[in-house]
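Enquirer: Following this message is one structure expressed as structure tokens.
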Amino acid sequence: MAKETPRATVPQHVAIIMDGNGRWAQKHHLPRLSGHEAGRKSVKRAVQAAIDHGVRYLTLYAFSVENWQRPREEVQGLMGLLRGVIREELSEMGKEGIRLRTIGRKQDLPDAVREELEAAIESTRGNTRLDLILALSYGSRVEITEAVQVMAREAQAGQLDPEQIREETVEKHLYTRGIPDPDLLIRTSGEMRISNFMLWQISYSEIHVTPVLWPDFGEKDFSLALDDYAGRDRRFGGV
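100 is the number of the first residue of the sequence shown in our numbering; add one for each residue after it.
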């Protein structure tokens with residue numbers, strides 16, 4: 100595929116709520132896991148599109164804390180799929196300069212998945228072309244709650260003055276510390292909700308909702324979202 104020329108206004112950080120795998124599978128009269136497997140190809144397309152357009156950070160909402168409530172067979176299938184993708188794509192991540200990172204409760208993941216993930220994170224740590232951030236066992240309310248708990252313990256131990264807590268203090272205690280806030284949030288499948296995703300970080304993000312189901316999402320859809328973003332006037336509360 101020909102490389103895209105970066106736009107004059109390209110978001111530094113794009114976050115995507117990947118929605119619609121189940122509906123895609125239902126539409127094609129396939130098991131739900133087939134929808135997740137089809138969505139894997141869209142992940143590759145989105146990653147390549149981010150690289151081609153000069154995006155520096157790409158966060159994908161891969162598995163929420165609420166997703167553990169899904170049928171056991173589906174969860175096991177998703178975990179197996181995740182492990183396989185990490186193993187199979189590790190070499191390509193190295194070639195493309197992709198650094199793999201995660202946000203969320205990594206400790207909730209099965210041991211085999213967590214070990215595969217941690218090895219890939221360590222192996223790609225020095226890559227600088229694109230930070231690919233997977234939100235796994237992630238929930239924004241849990242993230243904020245855990246940050247508050249840590250700050251409370253620090254205050255109790257005399258390590259933090261409650262009167263000196265600022266927005267920057269909170270940010271340093273979130274899963275995303277050291278990662279810039281998303282400039283653009285994309286949601287597929289047409290649903291008009293945030294689904295407990297990066298509630299603090301997307302305070303001033305531009306939001307692009309597309310009716311396209313995630314397994315059908317491609318480079319053209321990514322490009323349209325960037326065009327939409329480029330046409331926005333970001334005032335951050337100013338005039």
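Quick reminder that beta carbons are idealized off the backbone N, C-alpha and C, glycines included.
1. Report the partner residues of Ala162 according to the DSSP bridge assignment.
2. Cβ of Ser288 within 9 Å of Cβ of Leu312?
3. Curious, which full-length beta strand (DSSP E) runs of at least 3 residues does the segment 252-323 contain?
4. Measure the C-alpha to C-alpha separation of Gln300 and Thr309 and round it to an integer number of angstroms.
5. Within this structure, are the beta carbons of Gly203 and Glu242 separated by less than 9 Å?
6. Among the residues of its own chain, which have a CB less than 6 Å from the CB of Thr104, if the five just before and after it don't count?
7. If we count the other Cβ atoms within 10 Å of its Cβ and call it buried at 16 or more, is Met297 buried or exposed?
8. When you compare only the Cα positions, how much space is there between Arg334 and Asn226?
9. Quick check on this structure: which residue in Ala148, Thr108 and Ile115 has the alpha carbon closest to the alpha carbon of Leu284?
10. Are the segment 229-241 and the segment 254-270 touching by the rule of at least three beta carbon pairs closer than 8 Å?
Expert: If we stick to the structure as given:
1. Position 63 of the sequence shown holds residue 162. Per the sequence shown, the amino acid found at residue 162 is Phe instead of Ala. For Phe162, which the question treats as bridged, DSSP gives the partners Leu235.
2. The residue you call residue 288 lines up with position 189 of the sequence shown. The residue you call residue 312 lines up with position 213 of the sequence shown. Yes, the pair counts as a contact, with Cβ atoms nearer than the cut-off.
3. 283-286 and 305-308
4. Here residue 300 corresponds to residue number 201 of the sequence shown, with the count starting at 1. Here residue 309 corresponds to residue number 210 of the sequence shown, with the count starting at 1. Gln300 and Thr309: Cα-Cα distance of roughly 21 Å.
5. In the sequence shown, residue 203 corresponds to position 104, counting from 1. In the sequence shown, residue 242 corresponds to position 143, counting from 1. For Gly203 and Glu242, yes; Cβs fall inside 9 Å.
6. Here the question's residue 104 lines up with position 5 in the sequence shown. Confidence at Thr104 is low in this model, with a pLDDT of 43, below 50, so its placement is unreliable and no value can be given for it.
7. For the purposes of this step, residue 297 is taken as the residue at position 198 of the sequence shown. By the neighbour-count rule (16 or more Cβ atoms within 10 Å), Met297 is buried.
8. Residue numbering aside, residue 334 sits at position 235 when the sequence shown is read from its first letter. Residue numbering aside, residue 226 sits at position 127 when the sequence shown is read from its first letter. Taking the straight line joining both Cα atoms gives about 33 Å.
9. Along the sequence shown, one-based indexing puts residue 284 at 185. When only C-alpha atoms are compared, the closest one is Ile115.
10. no
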